[in-house]
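Taking it in order: structure first as structure tokens, then the write-up.
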Amino acid sequence: MKSEIIFNERGHRWVVLGRDPQKPEQIIDTNEHFIIHDDQALLMDPGGTEIFPQVLSEITRYVKIENITTIVASHQDPDIVSSLALWLDLCPHVKVYCPKLWVGFIAHFGMGTKMELIPIPDNGLSIPLGTTKASIYAVPAHYCHSSGNFSFFDPISNFLFSGDIGAALLPADESNLFIQNFQSHIQYMEGFHQRWMPSQAALRAWTRRVRMIQPDLICPQHGSIFKQNQIDEFLGWLEKLEVGLWKGDDQEQELSMETWMQWKHI
Ligand SMILES: [Fe+2]
Ligand SMILES: [Fe+2]
């Protein structure tokens with residue numbers, strides 16, 4: 001698993017992990033982002049159980065385990081935070097923030113480990129980075145794609161972690177951390193957004209928030225990072241994209257009478 005510091009100023013670092021060539025083929029490639037401020041670390045969407053050992057060994061190159069103070073989860077999917085029990089075993093003091101809607105569901109990832117999940121209300125929350133003076137902000141991103149969903153904005157780096165928004169399913173040999181050419185990157189994002197994003201209105205509400213925030217980077221949980229003018233291109237593309245559409249053959253969704261009869265053993 002590769003890692004890279006993409007912001008490093010005033011005792012504040014943003015580190016990205018990703019592009020793990022050793023990961024099992026059937027596992028979707030994820031990026032894990034974390035912020036270190038005054039030696040305390042906050043993990044954003046720390047990932048699934050399967051990749052926990054690689055994520056842990058890479059993170060501990062930058063920060064001591066006992067200094068991981070905060071975990072935030074953008075939504076409830078297993079690739080986001082199914083590793084939660086493993087993190088809690090190592091860092092029982094860690095504060096875990098997740099969407100209010102998903103508290104009772106994400107608790108299933110605890111596997112009996114004692115934990116306190118702090119709900120992020122629907123309209124967002126300022127989340128302190130441990131005992132430091134730094135905070136990040138949970139920006140509402142509901143229905144993009146999950147019904148209770150947040151992006152996370154760090155005002156010191158001016159970077160936005162966007163979760164599954166802007167996600168791209170890249171070919172295995174594509175190793176660039178940053179998007180090289182937005183137009184040729186669309187092919188890797190389009191199908192994902194059309195199928196996984198249920199609401200054009202929700203995406204447009206999110207782009208309005210992001211245009212107000214004006215981040216310098218947008219960092220998705222899958223795929224490559226958007227910078228500078230690519231952000232404007234990306235937001236414009238999202239605003240026009242038709243999503244929540246079934247693009248398959250309607251006939252294929254219908255069960256034939258023959259299939260029904262087989263299923264019902266008639
Ligand atoms: Fe997801
Ligand atoms: Fe995801």
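Residue numbers for the sequence shown, in the UniProt record's numbering: 1 to 266. Quick reminder that beta carbons are idealized off the backbone N, C-alpha and C, glycines included.
Spatially closest choice to residue i from the options, by CA coordinates
| i | options | result |
| --- | --- | --- |
| residue 154 | 7, 3, 1 | 7 |
| residue 130 | 243, 177, 95 | 95 |
| residue 206 | 149, 19, 134 | 149 |
| residue 60 | 72, 43, 50 | 43 |
| residue 230 | 254, 3, 180 | 180 |
| residue 89 | 112, 72, 103, 100 | 112 |
| residue 30 | 82, 62, 12, 70 | 82 |
| residue 295 | 123, 54, 63, 26 | As displayed, the chain neither begins before 1 nor continues past 266, which places residue 295 out of reach and without an answer. |
| residue 77 | 66, 107, 65 | 107 |
| residue 139 | 193, 192, 84, 212 | 212 |
| residue 135 | 156, 103, 25 | 156 |
| residue 293 | 28, 194, 255 | Past the edges of the chain, shown from 1 to 266, lies residue 293, and the structure says nothing about it. |
| residue 73 | 19, 254, 103 | 103 |
Straight-line Cα distance separating residue j from residue i
| i | j | result |
| --- | --- | --- |
| residue 40 | residue 114 | 22 Å |
| residue 198 | residue 241 | 11 Å |
| residue 189 | residue 68 | 32 Å |
| residue 35 | residue 201 | 31 Å |
| residue 132 | residue 238 | 35 Å |
| residue 146 | residue 75 | 6 Å |
| residue 203 | residue 5 | 29 Å |
| residue 46 | residue 265 | 46 Å |
| residue 269 | residue 50 | Only positions 1 to 266 of the chain appear in the structure, and residue 269 is not among them; the question remains open. |
| residue 71 | residue 244 | 30 Å |
| residue 52 | residue 258 | 46 Å |
| residue 110 | residue 9 | 35 Å |
| residue 173 | residue 48 | 22 Å |
| residue 105 | residue 196 | 20 Å |
| residue 208 | residue 122 | 17 Å |
| residue 144 | residue 124 | 15 Å |
| residue 187 | residue 193 | 11 Å |
| residue 14 | residue 160 | 11 Å |
| residue 228 | residue 142 | 25 Å |
| residue 191 | residue 164 | 13 Å |
| residue 84 | residue 66 | 15 Å |
| residue 19 | residue 254 | 39 Å |
| residue 232 | residue 25 | 33 Å |
Residues near residue i by beta carbon distance below 7 Å, same chain, minus five either side
| i | result |
| --- | --- |
| residue 93 | none |
| residue 262 | none |
| residue 38 | 11, 132 |
| residue 210 | 160, 235 |
Cβ-Cβ distance between residue i and residue j below 7 Å
| i | j | result |
| --- | --- | --- |
| residue 117 | residue 98 | yes |
| residue 17 | residue 32 | yes |
| residue 215 | residue 176 | no |
Cutoff 6 Å; reference residue i; Cβ partners in own chain excluding five residues on either side
| i | result |
| --- | --- |
| residue 223 | 167, 168, 170 |
| residue 185 | 179 |
| residue 58 | 1, 3, 17 |
| residue 86 | 52 |
| residue 137 | 126, 153 |
| residue 162 | 151, 218, 220 |
| residue 101 | 148 |
| residue 128 | 135 |
Contacting residues, own chain, Cβ-Cβ under 8 Å from residue i (five flanking each side not counted)
| i | result |
| --- | --- |
| residue 234 | 166, 182, 218, 226 |
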